[in-house]
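Q: In my numbering, the protein residues as written are 1 to 259.
Positions of the beta carbon are idealized from the N, C-alpha and C atoms, including for glycine.
Shown below is the structure under consideration.
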Ligand code: NAP
């Protein structure tokens, strides 16, 4: 299918590895020029070189922490006029509900709620003026079904989801859509570190922890960054203009719900 976005420009945050990289790659395959971001320059440059060589698109890199004001300013300076915005950042650490301080909550809210909101506030006006735009926020299956040990993530991402629900309906008349992608477990560094946490807690090795977690998924495997990226590219496509304010779960059936 021709996604109809060849030659458009996208900002994909936190995109040197994992799900963000999957989204950047699927957009590059559709002919979209990119601004990609991550904190570490080495992996970011390697990803950019791969995308340029494989798809012949322009790729600008911005090595910065997108959850800080200074980092965001650097990212936005390179990406003011983008047609497509994919927000993403690392997730908050696991822990127990009773242990988190106000500072822990502020950090999680900054990273996974206020950062994507600030990026939308900066970029949506240009999209509205140009009468076309696509925003995809990478959130988590935890907004549909809370993950007990990830209370900081449950809280921050649900806040973002509420903001998107209202805002998506305010900008849709201008040809701009905002939707969220909700990953269940995908085979990335983040999944590995969560598997390590399970292994440590239960005194088992990581391979056993991975097997145990895979057994809880009806598809009996983890998702891939490539599958995730394909869903993102479709939501960013010219074909997806009537999909507004939705939360698309990619979890191999893990959350047991009728709708
Ligand atoms: P990942 O494999 O750990 O990749 C994270 C990417 O984000 C890397 O490129 C990393 O590069 C970059 N990054 C992290 N923090 C950043 C920051 N503050 N500023 C800029 N770049 C940053 O993670 P992932 O699995 O792709 O997950 C992406 C998001 O989805 C996370 O928020 C995660 O919590 C959420 N999620 C993932 C899963 C899963 O199973 N994978 C499930 C549910 C939700 P640097 O470290 O160099 O910055």
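Of the choices 9, 175 and 200, whose alpha-carbon is the least far from that of residue 131?
A: Answer by Cα proximity: 175.
Q: Would you say residue 66 and residue 75 are within 7 Å of each other, going by their C-beta atoms?
A: yes
Q: Between the C-alpha atoms of residue 124 and residue 133, what's the straight-line distance to the nearest angstrom?
A: The alpha-carbon separation between residue 124 and residue 133 amounts to approximately 8 Å.
Q: At what residues does the beta strand (DSSP E) containing residue 11 begin and finish?
A: 9 to 12
Q: Less than 7 Å separating the beta-carbons of residue 12 and residue 24?
A: yes
Q: Alpha carbon to alpha carbon, how far is residue 48 from residue 187?
A: In this structure, the alpha-carbon of residue 48 lies about 21 Å from that of residue 187.
Q: Rounded to whole angstroms, what's the CA-CA distance from residue 190 to residue 150? Just pull it up for me.
A: Distance between the alpha carbons of residue 190 and residue 150 is about 13 Å.
Q: Runs of 4 residues minimum, wholly inside the region 1 to 71: which ones carry the alpha helix (DSSP H) assignment?
A: 18 to 29 and 41 to 55
Q: Entirely within the region 57 to 145 and at least 4 residues each: give me those alpha helix (DSSP H) ranges in chain order.
A: 69 to 78, 102 to 109 and 115 to 130
Q: By DSSP, does residue 154 sit in helix, in strand, or in coil?
A: helix
Q: Does the ligand NAP have even one heavy atom less than 6 Å from the beta-carbon of residue 140?
A: yes
Q: For the region 190 to 201 and the region 240 to 253, state whether three or more C-beta atom pairs, one from each stretch, are separated by less than 8 Å.
A: no
Q: Identify the continuous alpha helix (DSSP H) that holds residue 192 and give its terminal residues.
A: Where residue 192 is concerned, the enclosing alpha helix (DSSP H) stretches over 189 to 202.
Q: Nearer than 6 Å: is that true of the beta carbon of residue 145 relative to any heavy atom of the ligand NAP?
A: no
Q: Go ahead and pull the three-state DSSP assignment for residue 148.
A: helix
Q: Going by DSSP, what residue range makes up the beta strand (DSSP E) through residue 177?
A: 176 to 183
Q: Looking only at C-alpha atoms, which of 22, 21 and 33 sits nearest to residue 5?
A: 33
Q: Give the DSSP bridge partners of residue 247, in chain order.
A: 180
Q: Pick helix, strand or coil for residue 241, following the three-state DSSP scheme.
A: coil
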